[in-house]
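For the sequence shown, my numbering assigns the number 193 to the initial residue and increments by one for each residue that follows. We put the beta carbon where it would ideally sit given N, CA and C, even for glycine. No experiment lies behind these values; they were computed from the predicted model shown.
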Amino acid sequence: MMDNIPLIAAVTGLIGLAIAFGLYRKVNSVEIDNEVVADITQEIQDGAMAFLYAEYRVLSIFVAVVGALLLALNGFETSIAFFAGAFASVVAGFSGMRAATSANGRTAMAAKNGGQAGALSVSYNGGAVMGLSVGGLGLLGISLIAFWLGADDASSNLSAAAGFGMGASSIALFARVGGGIYTKAADVGADLVGKVEAGIPEDDPRNPGVIADNVGDNVGDVAGMGADIFESFVGSIIAAMIIASNSDEMTVD
């Protein structure tokens, strides 16, 4: 039974990713028949994705340098696990961001056409994509690392698998902080220009800075927080595995 745990975890992760993809398709099936809402939705999505591409381009340099150092100091297995963890975190961030920015305008249209129930359904499904992507990619990634490393030298292999958690943590560190800085900068900038200089209410559509503010809400509260949760999820599992493998009281015969 113990030998089947990685397989069960991998299958569970794949099921979670399949459900996330299905929910994403369901969210995108909601038609935006209002031209203004469609334009605003597209502008927010373009801005959010542009931020992610710019952020991850810079992070790729950091990941490459750290991965090379791990290769030289800790070996091939730890380095590959580190790259895998970073890649999984990036994929989770992109999938969650794409779903969230697609759900924004569609939630408004669902509220108009279907009331509170329709809006809740679209927004809930859009948010579930990020959560299921985090859980699915985390389980799948750790399971694949376990299959790859095997169980011949559990202590050494788990130390190498910790590289997966380190990769996830590296992306989360910058995504969370970078997204938060952008969020607050856009928020304060839009408020200063709108309320102080132009004398118009907060989040007024006449203020172009509101688009940047909404982009910031997505990159900070979706991509940044999603990477943070992914890091916590993966790190807690790997930490528990390492503690259990080094505990005489938890040895399974």
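Reduced DSSP category for residue i - H, G, I as helix; E, B as strand; rest coil
| i | result |
| --- | --- |
| GLU235 | helix |
| ILE281 | The sequence shown places Ser at residue 281, rather than the Ile named in the question. Residue state, collapsed to three classes: helix. |
| GLU223 | coil |
| ASN296 | helix |
| GLY288 | helix |
| ASN317 | helix |
| SER163 | Since the first residue of the chain shown is 193 and the last is 445, residue 163 is not available in this structure. |
| GLY267 | coil |
Residue interval of the alpha helix (DSSP H) (run including residue i)
| i | result |
| --- | --- |
| PRO198 | 197-220 |
Supposed contact pair residue j and residue i - C-beta distance, whole angstroms, cut 8 Å
| i | j | result |
| --- | --- | --- |
| VAL258 | PHE274 | 7 Å |
| VAL219 | ALA291 | 6 Å |
| ALA280 | GLY333 | 5 Å |
| ALA284 | THR299 | Not quite, the Cβ-Cβ distance comes to about 21 Å (not below 8 Å), so this is no contact. |
| ALA295 | GLY318 | 3 Å |
| ALA382 | GLY401 | 3 Å |
| PHE366 | LEU251 | 6 Å |
| ILE430 | PHE339 | The pair is not a contact, with the Cβ atoms about 15 Å apart (cut-off 8 Å). |
| PHE425 | GLY330 | 5 Å |
| ASN282 | TYR248 | In the sequence as presented, Asn is not what sits at residue 282; that position holds Val. At roughly 6 Å, the Cβ-Cβ gap stays under 8 Å, so VAL282 and TYR248 are in contact. |
Proximity winner among the options, relative to residue i (alpha-carbon distances)
| i | options | result |
| --- | --- | --- |
| ASN438 | SER351, LEU312 and LEU336 | SER351 |
| VAL411 | ILE434, MET433, LEU209 and SER287 | SER287 |
| GLY427 | ASN196, ALA364, GLY372 and ASP405 | ALA364 |
| MET433 | ALA354, ASN296 and LEU251 | ALA354 |
| ALA210 | ILE272, ASP405, ASP225 and GLY328 | GLY328 |
| ILE224 | ALA302, ALA202 and THR270 | ALA302 |
| VAL228 | SER313, PHE425, ARG398 and LEU331 | ARG398 |
| LEU341 | GLY205, GLU269 and ILE200 | GLU269 |
| ASP409 | LYS387, ILE421 and VAL380 | VAL380 |
| VAL385 | ALA404, ARG217 and LEU215 | ALA404 |
| ILE232 | GLY297, SER252 and GLY214 | GLY297 |
| GLN237 | ALA256, VAL203, ILE272 and MET289 | MET289 |
| MET417 | LEU336, ALA264, ALA377 and SER325 | SER325 |
| MET358 | ASN266, ALA377, ILE200 and VAL321 | ASN266 |
| ASN349 | VAL314, GLY372, SER271 and LEU261 | SER271 |
Neighbour flag for residue i against chain C, beta carbons, 8 Å
| i | result |
| --- | --- |
| LYS376 | The chain labelled as chain C is not found in the depicted structure, where only one protein chain is given. |
The ligand MN heavy atom lying under 7 Å from the CB of residue i
| i | result |
| --- | --- |
| ILE434 | Looking at this structure, you won't find the ligand MN or any other ligand, since it has none at all. |
What are the complete beta strand (DSSP E) segments, minimum 3 residues, inside the region 378-436?
none
What are the start and end residues of each continuous beta strand (DSSP E) run of 3 or more residues lying completely inside the region 330-365, in chain order?
none
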